[in-house]
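So the sequence shown is residues 1 to 288, counted in the working numbering.
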Amino acid sequence: MSEHLTLGPAPRPATGVDLVARMRAASLADAGERLRPAIEGIFDGMRADVDGADVTIDVDATGVTIDGLLGEESAASELLPTRAGAVRVVEHGDLRSLTVRAHPVHVEGVPVDLGLTLEGARLAWVEVPADGTVGLDTVAPDDAHPMRGHLRVEAPLAETVEAVRRAAETSLAELGVTIADLDVRLRSEGPREVAAEVDARVRKGFLGAPASASATLRIDDALRLHVEDLRITSSNVIVAGLLATVRGKVEARTKEPIDLAGQLPAGVRVTDVRLEAGDRIGLEARIG
């Protein structure tokens, strides 16, 4: 079985133009209406080169607007769909380089600056005997075939907080809770440590009162995220009691460090990560 990117009927694409066209068709075939304009914009800015079994891809997503990733009708997985099925590996190749840049791309109303470069990723050209289609599958990197790269993501804090608030509104409404006057402040305490402070007005039914929260987020050398010094409270005794339940759930989920490295694809190693916080938030990581 293989989770591969389907590229339509054989033969496999022999040019970059054909590869981009087939990837576009595969993405649009499954995309919901909200994501279709974004997919078109991304592929309009994509260029590729196919040299035998090796591939080079360059994407400029500047100016693209991506909506539909959050909420009940979210469709994040549809940006680049894969198919499961029995395949035959025809030939192995390399993704010589993948470059993605956006200055900015607008994601759920947030202007995000993005820069990504990857080199050395391994690929497998596959055929599906059941229907005669072809596709591309990834091969996990190893010591003999390491993958190298660099990622930087940056966005304004205010717009990011507003997007998160909008995304949470539906879930909170189901609990009868509304949040107003949300103010989030982040401060860098080091290259891998951020102090967060939150003030808001919480209302549930006829109860309404100010609430505050604070915590320190720290990433250690093993790429584990620690949530420390957590505080969630309110000057209103009743609201403070409600928030105590929330605090207990958060503490239970963050009692042990969150293994970020374990969320990565097999064989992918992040060798360094840096966090920045203030009026803008940023993440920088090196791969390999």
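Glycine included, every Cβ here is placed at the ideal spot set by N, Cα and C.
Exercise for review: Report yes or no: do the region 204 to 211 and the region 239 to 258 share at least 3 C-beta pairs separated by less than 8 Å?
Suggested key: yes
Check your understanding: When you compare only the Cα positions, how much space is there between T160 and V110?
Key -> 6 Å
Practice item. On a CA-only basis, which of V17, I281, A31, T82 is nearest P191? Give me that one, please. Key: I281
Exercise for review: Have a look at I42, G32, D51 and flag the residue whose alpha-carbon is nearest the alpha-carbon of T15.
Suggested key: D51
Review point. Which class does P37 belong to by DSSP, given the choice of helix, strand or coil?
Key: helix
Point to revise | Cβ-based burial, S27 [other Cβ within 10 Å; buried from 16] | key: buried
**Study point:** Outcome for P9 when other beta-carbon atoms lying within 10 angstroms are tallied against a minimum of 16
**Key:** exposed
**Study point:** Inter-stretch contact (C-beta, 8 Å, three-pair minimum) for the region 34 to 50 and the region 162 to 178
**Key:** no
Check your understanding: Closest to V164 by CA distance: which of A215, H150, I179 is it?
Key -> I179
Exercise for review: May I have the straight-line CA-CA distance separating G115 from T62, to the nearest angstrom?
Suggested key: 11 Å
**Study point:** Buried or exposed by the 16-neighbour rule on C-beta atoms within 10 Å, applied to D183
**Key:** exposed
Review point. What are the start and end residues of the beta strand (DSSP E) that includes V126?
Key: 121 to 128
Review point. By DSSP, does G208 sit in helix, in strand, or in coil?
Key: strand
Point to revise | Counterpart residues of G282 in DSSP-defined beta bridges | key: E154, E276
**Study point:** Alpha-carbon spacing of P11 relative to R22, whole angstroms
**Key:** 12 Å
Review point. Which two residues bound the contiguous beta strand (DSSP E) that contains V90?
Key: 88 to 107
Point to revise | Whole-angstrom distance between E174 and V246, CA atom to CA atom | key: 15 Å
Review point. How is the beta strand (DSSP E) around S235 delimited, first residue to last?
Key: Per DSSP, S235 belongs to no beta strand (DSSP E) and is neither H nor E.
Point to revise | Closest Cα partner of E162 within the set E108, V139, P129, E154 | key: E108
**Study point:** Close-in-space but distant-in-sequence residues of the same chain around S77 (CB under 8 Å, 5 per side omitted)
**Key:** Residue confidence for S77 is low, a pLDDT of 47 falling below 50, so the modelled location carries little weight and cannot support an answer.
Review point. Where does E256 sit, in a helix, a strand or coil, going by DSSP?
Key: coil
Check your understanding: Excluding the five sequence neighbours on either side, which residues of its own chain have a C-beta within less than 6 Å of the C-beta of V153, listed in chain order?
Key -> L114, L283
Check your understanding: When the distance is taken between beta carbons, is A195 closer than 9 Å to A277?
Key -> yes
Review point. Going by Cα to Cα distance, which pick from G45, H4, I287, A31 is closest to V17?
Key: G45
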